[in-house]
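The structure appears right after this line, and notes come after that.
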Amino acid sequence: MGLVVFAAIVSLIAVPAIASAAPTTTPTPNAPAANGGGALVDTVLNTLAGIGGSSDGPSTPSKTSQMIVVTAPKAADTTATLTAFEKNAEGKWTSVVGPVKAFLGSQGMGEPKDNVPRTPEGTFALDQAFGRDANPGTKMPYFQATTADWWDSNMKSPTYNTHVKGKNPGGDSENLYNSGPVYDYAVNIAHNPQRTPGKASAMFLHVTNGEPTQGCVAIDKASMKKILAWLDPAKEPKITIGVNKGAPTAEAPGTTTPGGANSNGILTGLANSLLSLIPSILGTAAGS
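When you line the sequence shown up against mature numbering (1 follows the signal peptide of the UniProt record, and there is no 0), it's residues -21 to -1, 1 to 267, in that order.
Shown next, in the form of C-alpha cells:
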C-alpha cells in the first residue's frame, strides 16, 4: 500500500502544474477545480479516500464518495481550510462546500491524546451526527441533544468515547446541550473506534465560536448545516486532516517528528504529501 501511494505522489509531484504558481481563482461549488486541476483532485482524493481511519489492520477497497479535506500549512497551526468533495457517477470529484476557514485544536494537529487540545491527524470515518438544533435534513444517524445527552470522556468508563443518555459518566465527559451553541450541529470524527483510553474522545466536526478548539474541527454554522444536509452514510463519508509537515508529538506544539505521528508513519507522511496538494490545486490559502 505504501509503495502504491508513493508512486501516486511521485507522479503528481512530477506534473509541471504543481511546480507553477497556484491559480488565483476559487472554484465554483458543484464544479470541478479550475485551471485543469480536476484530474489532479481526482487522483489525490481517490488515494486519500482509500486510506482508512486507522493505521492498524488490513486495508480494504474504498467505497467512499464523500470526502472532507482539512489542511493547514503547519502542524502547529490553529486554523485550516476545509473543503467538502463528492465523487459523481463518472468518478470525478467536485467541491460541494467550501473552501471555508476551520479552527483546530489550540496545539494544532497530530497525535490525539486525552486532555491535550490537539486535532487528530489522518483519515477517519464520520458516523454519529447530533445537535442542539433539530435535524437539518441529514441522512446520518442524528439525535437532538438535551441536557440528558453526554459524550463519555471518562477513561475509566466502559462506555468511553460513546454517546450516553442519562447519568453523567464522570471524568471529563461533555454535556452535549450545556456545552452551548458549538454543538448546535456536530458529527463525530471516528478517530478512535477501538475506544482506547488515553487516545482521546469527543472529537467532532462542529460549529465554531471563533476560537481554537480542544481538538475538534470547527467551522461556521451555515457551512456546518450544509455539510450535515449533504452527508450520506451510504457514501461512506470520511474526513482527512493533515499537513505536509511533521506532526506535534509532545505537549509543546512546536515539537514535530518527520512523517507524522501515526504508528504507520510512512503512510501518514505520504497521505499528508497528497493532502498538501489540495490548496495549490484549488488556488486557496489554508487558514485564510
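Idealized CB from N, CA, C, for every residue including glycine. Bear in mind that the values here come from a model prediction, so they are computed numbers and not experimental data.
Query: CA-to-CA distance, Thr26 to Ala179, given in whole angstroms; Result: 26 Å
Query: Thr43 beta carbon less than 7 Å from that of Ala63; Result: no
Query: Environment of Pro148 [buried if 16+ CB atoms lie within 10 Å]; Result: buried
Query: Asn25 (DSSP reduced to helix, strand or coil); Result: helix
Query: CA nearest to the CA of Thr126, picked from Lys118, Asn154, Gly101; Result: Asn154
Query: Euclidean distance between Cα positions of Pro96 and Leu83; Result: 9 Å
Query: Limits of the unbroken alpha helix (DSSP H) element including Ala104; Result: Segment 101 to 110 is the beta strand (DSSP E) holding Ala104; no alpha helix (DSSP H) there.
Query: CB contact flag (Leu61, Ile220, <7 Å); Result: no
Query: Beta-carbon separation (whole angstroms), Gly145 vs Asn133, contact threshold 8 Å; Result: Incorrect: roughly 14 Å between the Cβ atoms, too far for contact.
Query: Pro172 versus Lys135 - alpha carbon distance; Result: 16 Å
Query: Classification of Pro160 by the beta-carbon crowding that lies within 10 angstroms, buried from 16 upward; Result: exposed
Query: Assigned exposure category for Thr175 - 16 Cβ within 10 Å defines buried; Result: exposed
Query: DSSP three-state assignment for Val48, whether helix, strand or coil; Result: strand
Query: Lys217 versus Asp131 - alpha carbon distance; Result: 23 Å
Query: Opening and closing residue of the beta strand (DSSP E) in which Ala113 lies; Result: Note, Ala113: premise wrong, no beta strand (DSSP E); not H, not E.
Query: Proximity to Lys80 [Cα-Cα], best of Ile47, Thr102, Gln107, Ala104; Result: Ile47
Query: Burial state of Ala181, where buried means 16 or more other Cβ atoms lie within 10 Å; Result: buried
Query: Thr187 classed as buried or exposed, judged by whether at least 16 other C-beta atoms fall within 10 angstroms; Result: buried
Query: Secondary structure, alpha helix (DSSP H): runs of 4+ residues fully inside the stretch 164 to 194; Result: none
Query: Distance between beta carbons of Gly194 and Pro91, contact taken as under 8 Å; Result: 7 Å
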